[in-house]
Amino acid sequence: MHPLWPDKPAAALALQTRLSQRVVARGAPAPALVAGLDAAYSRNGATGYGAAVLFSFPGLEQVGEAWAVCEVRFPYIPRLFAFREGPALCAALERLDRAPDLILVHGHGTAHPRRCGIASHLGVLLGIPSIGVADRLLVGEAGEPAAERGAAAPVFFEGEVVGWAVRTRAGVRPVYVSPGHLVGQAAAVELVLAMSRGYRRPEPLRAAHHCAVTARAEMTKR
DNA sequence: GCGACAG
DNA sequence: ATCTTGTCGC
Numbered sequence: 040m041h042p043l044w045p046d047k048p049a050a051a052l053a054l055q056t057r058l059s060q061r062v063v064a065r066g067a068p069a070p071a072l073v074a075g076l077d078a079a080y081s082r083n084g085a086t087g088y089g090a091a092v093l094f095s096f097p098g099l100e101q102v103g104e105a106w107a108v109c110e111v112r113f114p115y116i117p118r119l120f121a122f123r124e125g126p127a128l129c130a131a132l133e134r135l136d137r138a139p140d141l142i143l144v145h146g147h148g149t150a151h152p153r154r155c156g157i158a159s160h161l162g163v164l165l166g167i168p169s170i171g172v173a174d175r176l177l178v179g180e181a182g183e184p185a186a187e188r189g190a191a192a193p194v195f196f197e198g199e200v201v202g203w204a205v206r207t208r209a210g211v212r213p214v215y216v217s218p219g220h221l222v223g224q225a226a227a228v229e230l231v232l233a234m235s236r237g238y239r240r241p242e243p244l245r246a247a248h249h250c251a252v253t254a255r256a257e258m259t260k261r
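Below you can see the structure in the form of structure tokens.
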């Protein structure tokens, strides 16, 4: 079995604990190229379609796109999500013409039981800054941020702030932002807001989601 | 033991 | 995540 992608939960847990010690949740990168990462699955869940869409920053022009098909070999276990979806996302990322200097991942970063959600996990493996953006909390509690775009409320877990509930669009439920790696909380929130335009989810993630679903449709036909 | 639980 | 149509609302 691949040392970076064990297929046994026990081995995954051990690796996650080791990776968590290498997570650096601070920094304020000024990226020029940002990649949004997301995945879609076949109806039976046996096949995964990872997508990576590259955007210029701060201009937010799409400048690249890639996807990869992967056999899913790890079950969905809340705290071990990275071991299920990580392989497909990395495969897509490797197919990009240029390497991003920041990745936006659909899922949590430090807002995780061991402060090592998929965003932190991939950031450490790749050695590049990363940010996690999720639709709902895995751990912790957050107050309701004010209704206007840009408002944010801290996510508390075990007595510390591990992320933020961020209102990327007025009057719409917030997204949960947490540092992945080499990015601090304030910078993570600022960057996600700078990449959100009129929709709840930031542009790179919207594009990645669309790319993954489209890839599945094209593969499903042939 | 019971309930919670990213995508 | 995925299975699924129409429908209410801006």
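Numbering (the working numbering), first residue to last: 40 to 261.
A virtual CB, placed ideally from N, CA and C, is assigned to each residue, including glycine.
As the structure is a prediction and not an experimental result, all values here were calculated from the model.
Subject >> Stretch pair the region 192–207 + the region 234–254: three plus CB contacts closer than 8 Å >> reply: yes
Subject >> In DSSP terms, what V216 is bridged to >> reply: V172 and W203
Subject >> For L230 and E100, the rounded distance between their alpha carbons >> reply: 15 Å
Original post:
So who's on the other strand from V108, going by DSSP bridges?
Top reply: Y88
Original post:
Just how far apart, CA to CA, sit S217 and A107?
Top reply: 26 Å
Original post:
Grouping DSSP H, G and I as helix and E and B as strand, with all else coil, what is Q60?
Top reply: coil
Original post:
So what's P180 in DSSP terms, helix, strand or just coil?
Top reply: What sits at residue 180 in the sequence shown is Glu, not Pro. Note: E180 maps to strand in three-state DSSP.
Original post:
Between the beta-carbon of A130 and the beta-carbon of G103, is there less than 9 Å?
Top reply: no
**OP:** Report yes if the CB atom of Y215 is closer than 9 Å to the CB atom of A150, and no otherwise.
**Re:** yes
Original post:
Can you give the Cα-Cα distance for E183 and H41, rounded to whole angstroms?
Top reply: 42 Å
Original post:
So does V62 have its beta carbon nearer than 8 Å to some heavy atom of the ligand ZN?
Top reply: The model depicted lacks the ligand ZN and carries no ligand whatsoever.
Subject >> Any 3 or more C-beta pairs closer than 8 Å across the region 49–58 and the region 71–87 >> reply: no
Subject >> Close beta carbons around A251, own chain, < 6 Å, minus the five adjacent residues each side >> reply: D77, A78, A79, Y88 and A90
**OP:** Would you mind stating whether A170 and L143 have Cβ atoms separated by less than 9 Å?
**Re:** The sequence given here has Ile at residue 170, not Ala. Yes, the Cβ-Cβ distance between I170 and L143 is below 9 Å.
Original post:
Taking Cβ positions, are S59 and R118 nearer each other than 9 Å?
Top reply: no
Original post:
Got a sec, what are the start and stop residues for the alpha helix (DSSP H) A227 sits in?
Top reply: Q224 to A233
Subject >> Buried/exposed call for V62, threshold 16 Cβ in 10 Å >> reply: buried
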